[in-house]
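Have a look at the structure below, then the notes.
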Amino acid sequence: MAAMIEVRNVSKAFGGVQANRSISLDVAKGKITGLIGPNGSGKTTLFNSIVGYHPIDEGSIKFEGKEISKLRVPQIARLGMLRTFQQTRIYGKMNCIKNMLISVPHRSMGLIEIFGDHSAQELEKAEHLLEFVGLYAKRKLQAGDLSFGQQKLLEFAMALMNQPQILLLDEPTAGINPTLINGLIDRLKRANTEFGITLFVIEHNMRVIMNLAENIYCLAHSELLAEGSPETIQKDKRVIDAYLGAH
Amino acid sequence: MSTSRRTLGLYGGIAIASLVAPFVFDSYISQLTVLWVMVLFAITWDAMGGQMGYNSLGNIFFFGAGMYISAVVQIGLHYDVAEYTAAYGAIKVDFTPAQYHVGLVLGTIVAALGSVALAVALSWVVFGLRGPYFAIGTLGVALAAGELVGAWEYVGAGSGISLPVFPGEPEVGERFFYFAFFIAAVLSFFFFRWLYGTRFGLAINAIRDDEEKAEAMGIRTMRYKTITWSLSAFFLGICGSLFGNYNIFIEPLEVAFATVVFGIPMVVMALLGGKGTLWGPVIGAVLYHVIKEATWKYFLGWQWVALGLLIVVTVVFFQQGIMGWAQDKWPELFGIEVEEDSAEGDREAA
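Quick look at the structure:
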């Protein structure tokens, strides 16, 4: 299976703190890949390195065969790689529909188009996606007035609106009501199968990630600890030790 | 239907009042003229501070730049600028009416475009700054410009430039400039009204709400910021050119780059009326101007204290401004919904 993202020997330090040490991994095209690890193991740092949030110290990151480790966030986003944030970020003073309409792909938007209005298809798509995440009834409310969980769903819908090739999700189920988590897992899977979006997911909820991902990478102490299918990862003694605190 | 008719009535009423005012309130024409200048200030500031969340304290720079660019063009068409500004009365100045009007139109066009060019050039410097740093950085630009022009002999340095006087009766001249500012303010109002309804408006609102998110979604934030600043500069350049000619005499610190008299009030007016709303800046400008004129008339000597108090009260107790407060109180009047759509709630996907 072709790799959509190829990470090779990536290291990143913040001052004296080594957050990622020589990490190599592949995110398979069209699949759902998981990234787990205890708090502080370097998962979010790796995400930030991939999407261009900060320069990396060493190594190479390729997206569809193209080196992207020197590009910045908006350029990488326009290539079709998006991320959602752990703390959830939406445009609070705008209503949900407007949040969706401004999330259209900006890859090919020219100077004339930015002074135009949204098309009927875009509005229809925005409403359809809000319905997909269960926010249709709230579409005209200010995004900032939604609950944390609803904002998380809105952020997911905005990402889908952007028609990315790959979506990097940082803890998509954190803060979501447990009864809604199953619905969210289902929607993530449908985004993968129906919309053909490759997913790379950081998740702390083991039940979720084991259910969702086909291949899982585990980080611990800034290094890649293990890789494998959910079954192998679950049985891997190193992973269990990392989570239980043994060394 | 009834809302659009009400809007039409509102616009019609304002238009009629504005057209009649200079004739009915003849003795207040200079205050009315400056009122439109204030409205233009508030509208152009709000594009940056209200809609995009970039609180510029240096927008007055484009007003002053436009004023000087236009003056140099108007004089340079017929005289040597350095000689003209060297000393008052050094050369005999005589503009024919045709020279005056051609110079004013040409000067205003060059001032508008020149201000845009300056905005584009400056954007590379100032948009590296965010939040309070941007505010202070832009304030620095305006203050530095005033000092630099004040030391520049070619444009008359600190003693300024006396511009040609309007050819014709003084009353005709006063009405001419009243309507010139009125048209400029109305054009900027409708231009920005249109702009906020496009994708562009959504993009700058997104930058205001969360610029980092906007970048992560692939929005070309730098392009939007530069264009918004340029549009602000365009109208301010026109305004500056007209104001120089209206005032006849221009000078760097008190007229062109007048931070205290004009630069800071731009922000106060937008905040008072409600930043980030269409009508807020207009209402704020009218209110501020009326309060200012009243304090000048009745509390002379204390006028800056009174205005300072107004700023403090607005910033501390009334940050959302008049329109912001009205939107919170009657959201449905502004098309903001606070209740979810219960009738269609069952469309929610399970």
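For the protein sequence lines, the chains are G and L, in the order given.
Following this note's numbering, the residues of the first sequence are numbered contiguously, the last one being 1043.
Following this note's numbering, the residues of the second sequence are numbered contiguously, the last one being 631.
Each residue gets a CB set at the ideal place from its N, CA and C atoms; glycine is no exception.
Predicted, not measured: the structure shown is a model, and the values here were computed from it.
Straight-line measurement puts the Cα of L/L553 at about 13 Å from the Cα of L/K573. Shortest Cα-Cα distance from G/R986 to any of G/I1012, G/V1035 and G/K827 involves G/K827. For G/F952, no CB of chain L lies under 8 Å from its own CB, so it is not counted at the interface with that chain. Under the DSSP assignment, G/Q947 falls in the alpha helix (DSSP H) whose first and last residues are F944 to M957. The Cβ-Cβ distance between G/G855 and G/V806 falls below 8 Å. Counted as a single uninterrupted DSSP element, the alpha helix (DSSP H) harbouring L/M319 occupies residues I310 to D327. Distance check between G/A809 and each of G/S915, G/G836, G/L937 and G/G888 places G/G836 closest, using alpha-carbon atoms only.
G/S856 is bridged by DSSP to G/R804. Taking G/P851 as the centre and dropping the five residues before and after it, the same chain places no C-beta closer than 7 Å to its C-beta. Taking all protein chains shown into account, G/Q947 has 16 or more neighbouring C-beta atoms within 10 Å of its C-beta and is therefore buried. Per DSSP, the beta-bridge partners of G/A824 are G/A799.
If you check the CB distance, G/N973 and G/A939 do not come in under 8 Å. Counting only runs of 4+ residues, the alpha helix (DSSP H) found wholly inside the region 328 to 405 of chain L occupies 341 to 357 and 362 to 367, in chain order. Under the Cβ criterion of 8 Å, G/D822 is not counted among the residues facing chain L. In the DSSP assignment, no residue is bridged to G/L1021.
Between L/V446 and L/Y349 a beta carbon distance of about 18 Å is seen, past the 8 Å cut, so the two are scored as non-contacting. Looking at the DSSP output, G/Q961 bridges to nothing. The beta carbon of L/L517 sits closer than 7 Å to those of T325, N340, F343, F344, G347 and S396, all from its chain and outside the five residues before and after it, given in chain order. G/R817 and G/F991 have their alpha carbons spaced roughly 34 Å apart. Segment contact: the region 377 to 397 of chain L against the region 518 to 536 of chain L, three or more CB-CB distances shorter than 8 Å; contact assigned.
Interface flag for L/N486 against chain G is set, since a Cβ pair is found closer than 8 Å. Residue environment: G/K934 is assigned as buried (16 or more neighbouring CB atoms within 10 Å of its CB, all protein chains considered). According to the DSSP assignment, G/Y1013 belongs to the beta strand (DSSP E) that extends over N1011 to A1016. For the region 490 to 504 of chain L, the set of residues with a beta-carbon nearer than 9 Å to any beta-carbon of chain G comprises D490, D491, E493, K494, A495, E496, A497, M498, G499, I500, R501, T502, M503 and R504, in chain order. Beta bridge pairing from DSSP links L/F530 with L/S443.
The beta carbons of L/Y381 and L/P451 sit no closer together than 8 Å. When DSSP reads this structure, G/D966 sits in a beta bridge with G/I998.
For G/Q938, the nearest CB of chain L lies under 8 Å from its own CB, placing it at the interface with that chain. Taken atom to atom, the span from the alpha-carbon of G/E863 to that of G/I857 is near 6 Å. In the DSSP annotation of this structure, the continuous segment of the beta strand (DSSP E) that includes G/L878 starts and ends at M877 to R879. Looking only at G/I886, G/P834, G/P968 and G/K825, the smallest Cα-Cα distance to G/A1038 is reached by G/P834. When secondary structure is reduced to three states using DSSP, G/R885 falls in the coil class, being assigned neither helix nor strand. Spatial neighbours of L/I500 in its own chain (CB-CB distance under 7 Å, excluding positions within 5 residues in sequence) are listed in chain order as A484 and A487.
When Cβ-Cβ separations below 8 Å define contact, G/R1003 makes no contact with chain L. L/F408 sits in coil when the DSSP states are folded into three classes, being neither helix nor strand. Note on geometry: alpha-carbon atoms of L/L387 and L/S351 lie some 8 Å from one another.
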